[in-house]
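Protein chains in written order, with the working numbering: chain A, 42 to 177; chain B, 1393 to 2120. Here is the structure we will look at.
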Amino acid sequence: MDSRLRPRRRILVVDDDASIREVTQVSLEMVGGHAVMTAACGRDALAQASRERPDAILLDVMMPGLDGPATFERLQAEPTTRDIPVILLTAKLQSSDRARFVALGVRAVLSKPFDPMSLPGEVAEILGWNQASDGV
Amino acid sequence: MKAPAVGARGSSRASGFSGQRGAPRPSGASGLDQFNPEHDGLPRPWGVRALIVLGLALAAVYAVRAPGHWGGPRVDAFFAQWLYDAAAAIGGLLCAWRAIRVSEDRATWSLIAAAFVLEVAGNTFYAVRYGVSDGPVPSAADGFWVAFYLPMAAALVLRIRAAASVAGAVIFDILIAIGALGSVSAAFVLQAVIGGTDRSIAGYASTLAYPLGDLVLAALVLQLAAASAWRLERATALMAACFVAWGVTDTVYAFQTAHATYVPGGVLDLGWVVPFVLFGVAAWMSPDARISVREAPRLGALGVPVCFALLALGMLIYSGMADVNVLAVGLASGALMCVIARFVVTFRSYLAALANTRLVLETAYDPFMSFEASGVITDWNAAAQASFGWSREEVMGRSLVETFLPEARREAHRRLIARFLATGDEDVLRRRLERTVLHRDGHEMPIELTISPVATEYGYTFHAFMRDITERRKVERAKNEFVAIVSHELRTPLTSIRGSLGLLAGGVLSASPTKAERMLKIALENTDRLVRMVSDILNLERIESGAVDLIYRPCDGGQLVRSAAETMRPAALLAGVTLEVAGRGGALEADPDQIIQTLTNLLSNAIKFSPGGSTVWVESEGLGDDVVFRVRDEGRGIPSEQLERVFERFAQVDSSDARDKGGTGLGLAICRSIVEQHAGRIWVESGDPRGCRFQFTVPVVRPDQPRATPPAGTQTGDSELVGHAGLA
């Protein structure tokens, strides 16, 4: 489906690494056609999520201060952000970590490095946006 | 001379008993003391040889003279009496001489010589007091003759203690030997003595004292032979023969006395006279250095009872077959002795094996325990005590499950044992396992263990060898963490590279040259970062594995500090941090590139963690044999408990520091490796009032070269530093 026909979603990308933040943003905007806002740390992410109510959050796992899982728990604790679907992005390889993250209740755990051309499609798939758009 | 002689002869020889101890002991002062039995024979002065010849000649004269030859029984007995005394004196003299001239076995030979002195004293007293007529029984002379046994027994005990290793078995053997000999002896002598001519109680006692004394000495000799694993030296064998002769003579004497048939000066006395001289010969026999242990004569366990059975037979024949029952008793005693000896041998080897097993377990490096199927702990070694805190006394008899296993493991353990007992299914038994157990203080600790079931007549016993793997786990965890961190750290720049290049290749940026250019820049920057990280990891590995050869050159600490500072000045400028350089001093021999890298790493850290507007100081100073480098900042500092840890790989104070500050997490680990390669030391202290101060020393002279006077100028350059409040 052509990206222009897709519904434009608002996604919050959280990563402490500026380069990754930028690449992810370009991928989601240019390939996926979404509107992207970014945060460099967990605290900033919480503030933005609460304020902007994005449609989804792509959250890095290892971050200084509040890390990904901790940020997710805070999001869950907050009624205004509880329902925002969260996808974790991690460079960690251990499957034990992945299982732990999934158990927290995130929608999916994606690996770094990722293919920027297919990332938007994967996100849409995970969050069921394709079906939703079909129905429009 | 009569009875007196009886008691007198029991001596033994000492040096012979030392045969099984192969190596010569370090000896004392005099020239003779220095002899080496392995190579030299025991040196025999001519006097010794003369005495031996004289003694043997006396014995020969005694043997060949016909009774009455020297003018009637009384004269004959007179000569016999003094001949007897002379033989004992010669034997004693030879033993004493040996004790004085040779340090080896000195105590033993001194005691034997003392026994001979008592013997001679008793004989002389008897001869002077009673002449050749029959004195009273007992007489004062009996005191000397009975006393003879004391130093003789002491000499033997001394030898046994040197030869035997299992004290309990020694005592047991002695008791067995005395019992068996006693039964043989009783069959012949006791019966005869008690049923013999009229005697006072004291008379019986003194007559019996001699064969009984011989009995004790025989037991001791036997024990000595057993303690020497039945390997008797020639000298030992000679002494044993002397002793047997005395034992037989004493027994016959007791028998004849009981039947009033003993005639002083008769041929029986030869059984006392000859051994006196032979003891002297034994004293001067050279140790059997030429006989190896394998070649040495061995007296089997069966030999002992057989000897006694033969002795019994001989006695019976001598007594004119007076009582055939005696033979039966003697043979039965011999057979009994045989069984007992076999038992003793078995029991001793069992005790020895047990002691050996215990020793192996107690000295084992790994913890060991045994437990029964019921779970009761039945063995616990010293290593187990060291590892788990429980002493053997505390833990023996306690329940394994409740003492040692964490709550969660208890049921599984019970099921495992129950299943094994029911079905023989060994499951995890006899396999290497890793489990968690409880230390005495309650903390859980990982161990590796193998449990082996052993069937006994009382059911199964389980033996477990264990090993505390706490440290190994730590290392494994650290290794895993290191791999995980390295992997993560490498994947982070790769993500950016893969992402930016993927977007470029995907063509989505063709309409947006600015973005495309930006993506290229990201790819480039992260490639640099990746390269930096890979080279840091490789560098560290190479330095730590010693693959990097340091190129030592004479250099100046101050110059190195300035070079590093120049390299880092742009970074400081960018961070708004003032860089103060205060180092001139410190001529040294080092690899300048490596030292500059160390300083650069430290400065880079200091700048990264310093707030804008603050200052970072770097200096060098010659201090004795070392040049000290210092880098100090006013940053957030390092918690005191982490001061040691910061030099470990990826051991950032905050796990996010590497990312946050753009470091690789390996800088300080590299610094430490370089400094240690230079045989220097690196450490960090908390700053005052804030920040921290890294310091490292490098020896003025390279570590593989002898220290010389430090090159001129080592102590220079301090003037700038002295006034520098920030350092020191």
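Virtual Cβ for every residue (Gly too), placed ideally from N, Cα, C.
Grab the span of the alpha helix (DSSP H) containing alanine 1532 of chain B for me, first residue to last.
-> Alanine 1532 of chain B -> alpha helix (DSSP H) spans 1532-1539.
What number of angstroms, rounded off, separates the C-alpha of valine 1846 of chain B from the C-alpha of leucine 1434 of chain B?
-> Their backbone Cα atoms lie some 54 Å apart in a straight line.
Looking at the structure shown, is proline 1962 of chain B part of a helix, part of a strand, or coil, going by DSSP?
-> Of the three classes helix, strand and coil, the one that applies to proline 1962 of chain B here is helix, per DSSP.
Any chain A beta carbon closer than 9 Å to proline 1885 of chain B | Yes, proline 1885 of chain B lies at the interface with chain A (some Cβ there is under 9 Å from its Cβ).
Assign alanine 1964 of chain B to one of two classes, buried (16 or more other C-beta atoms within 10 Å of its C-beta) or exposed (fewer than that).
-> Result: buried.
C-beta contact flag for methionine 1858 of chain B and proline 1759 of chain B at 9 Å = A contact, by the Cβ cut-off of 9 Å.
DSSP beta-bridge partners for alanine 194 of chain A?
-> Chain A is shown only over 42 to 177; residue 194 of chain A falls outside these bounds and no answer can be derived.
Please report the residue range of the alpha helix (DSSP H) in which aspartate 1860 of chain B lies.
-> Following the DSSP letters along the chain, one finds aspartate 1860 of chain B in no alpha helix (DSSP H) but inside the beta strand (DSSP E) bounded by residues 1851-1860.
Which first and last residues belong to the beta strand (DSSP E) in which aspartate 1771 of chain B is found?
-> Going by DSSP, aspartate 1771 of chain B is part of the beta strand (DSSP E) stretching over 1769-1772.
Does any C-beta atom of chain B lie closer than 9 Å to the C-beta of glutamate 63 of chain A?
-> For glutamate 63 of chain A, the answer is yes, since a Cβ of chain B falls inside 9 Å of its Cβ.
Distance, Cα to Cα, proline 1905 of chain B vs serine 60 of chain A?
-> A straight line joining the alpha-carbon of proline 1905 of chain B with that of serine 60 of chain A spans about 18 Å.
Can you tell which of B:Val1655, B:Ala1632, B:Arg1466 and B:Leu1486 has its C-alpha closest to the C-alpha of serine 1675 of chain B?
-> Per the sequence shown, the amino acid found at residue 1675 of chain B is alanine instead of serine. The shortest Cα separation from alanine 1675 of chain B among B:Val1655, B:Ala1632, B:Arg1466 and B:Leu1486 belongs to B:Leu1486.
Nearest-angstrom Cα distance between glutamate 2036 of chain B and leucine 2058 of chain B?
-> Cα to Cα, the separation comes out at about 15 Å.
Can you tell which of B:Ala1939, B:Arg1934 and B:Ala1478 has its C-alpha closest to the C-alpha of alanine 1449 of chain B?
-> Among B:Ala1939, B:Arg1934 and B:Ala1478, the Cα nearest to that of alanine 1449 of chain B is on B:Ala1478.
Which two residues bound the contiguous alpha helix (DSSP H) that contains tryptophan 1782 of chain B?
-> Run containing tryptophan 1782 of chain B: none; DSSP gives neither H nor E here.
Using the C-alpha atoms, what's the distance from threonine 1641 of chain B back to serine 1404 of chain B?
-> Summary for serine 1404 of chain B: the model assigns pLDDT 30, below 50, so the residue's position carries little reliability; its value from the coordinates is reported in the next sentence. Taking the straight line joining both Cα atoms gives about 15 Å.
Tryptophan 1438 of chain B burial status per 10 Å Cβ neighbour count (16 or more: buried) | Exposed is the label assigned to tryptophan 1438 of chain B, since fewer than 16 other Cβ atoms lie within 10 Å of its Cβ.
Could you confirm whether any beta carbon from chain A is found closer than 9 Å to the beta carbon of serine 1892 of chain B?
-> Chain A contact via Cβ: present.
Can a CB atom of chain A be found closer than 9 Å to the CB of alanine 1876 of chain B?
-> At least one beta carbon of chain A lies nearer than 9 Å to the beta carbon of alanine 1876 of chain B.
Does leucine 1895 of chain B have its Cβ less than 9 Å from a Cβ in chain A?
-> Yes, leucine 1895 of chain B lies at the interface with chain A (some Cβ there is under 9 Å from its Cβ).
Contact belief for valine 64 of chain A with glycine 1891 of chain B at Cβ below 8 Å, rounded distance in angstroms = Rounded, the Cβ-Cβ distance is 3 Å, consistent with contact.
Contacting residues, own chain, Cβ-Cβ under 6 Å from aspartate 56 of chain A (five flanking each side not counted) | The residues are Arg62 and Asp101.
For glycine 2014 of chain B, three-class secondary structure by DSSP | Look at glycine 2014 of chain B here: in three-state DSSP terms it is strand.
Pull up the DSSP beta-bridge partners for glutamate 1972 of chain B, would you.
-> DSSP output for glutamate 1972 of chain B lists B:Trp2009 as bridge partner(s).
By how many angstroms is the C-alpha of glutamate 1496 of chain B removed from the C-alpha of isoleucine 1504 of chain B?
-> Taking the straight line from one Cα to the other gives about 14 Å.
Close Cβ partners of arginine 1790 of chain B (< 6 Å) along its chain, the five nearest in sequence each way excluded = Excluding positions up to five away in sequence, the list reads Ile1769.
Could you give the DSSP three-state label for isoleucine 125 of chain A: helix, strand or coil?
-> If DSSP states are grouped into helix, strand and coil, isoleucine 125 of chain A belongs with coil.
Find the residues of chain A that neighbour glutamate 1377 of chain B, judging by a C-beta separation of less than 9 Å, and give them in chain order.
-> Nothing can be reported for residue 1377 of chain B: it is not among the residues displayed for chain B, which extend from 1393 to 2120.
Is it the case that the Cβ atoms of threonine 1828 of chain B and isoleucine 1843 of chain B are separated by a distance below 9 Å?
-> Cβ distance not < 9 Å, so threonine 1828 of chain B and isoleucine 1843 of chain B don't count as in contact.
So, is the C-beta of serine 1888 of chain B closer than 9 Å to a C-beta in chain A?
-> So, interface residue.
Rounded C-alpha distance that separates leucine 1930 of chain B from alanine 1776 of chain B = A straight-line Cα-Cα distance of about 42 Å links leucine 1930 of chain B and alanine 1776 of chain B.
Which residues of chain B have a Cβ atom closer than 8 Å to the Cβ of valine 72 of chain A, listed in chain order?
-> Within chain B, the residues Leu1895, Gly1898 and Val1900 have their CB atoms less than 8 Å from the CB of valine 72 of chain A, given in chain order.
Does DSSP put isoleucine 1943 of chain B in a helix, in a strand, or in coil?
-> Residue state, collapsed to three classes: coil.
Taking only beta carbons into account, state which residues of the region 151-170 of chain A come closer than 8 Å to chain B, listed in chain order.
-> Those residues of the region 151-170 of chain A that come within reach of chain B (Cβ to Cβ, closer than 8 Å) are Lys153, Pro154, Phe155, Asp156, Pro157 and Met158.
Residues of the region 1906-1928 of chain B whose Cβ lies closer than 8 Å to any Cβ of chain D, in chain order | Looking for chain D here will not work: the only protein chains present are A and B.
Cα separation between alanine 1455 of chain B and valine 1655 of chain B?
-> Straight across, the Cα-Cα distance linking alanine 1455 of chain B with valine 1655 of chain B is about 15 Å.
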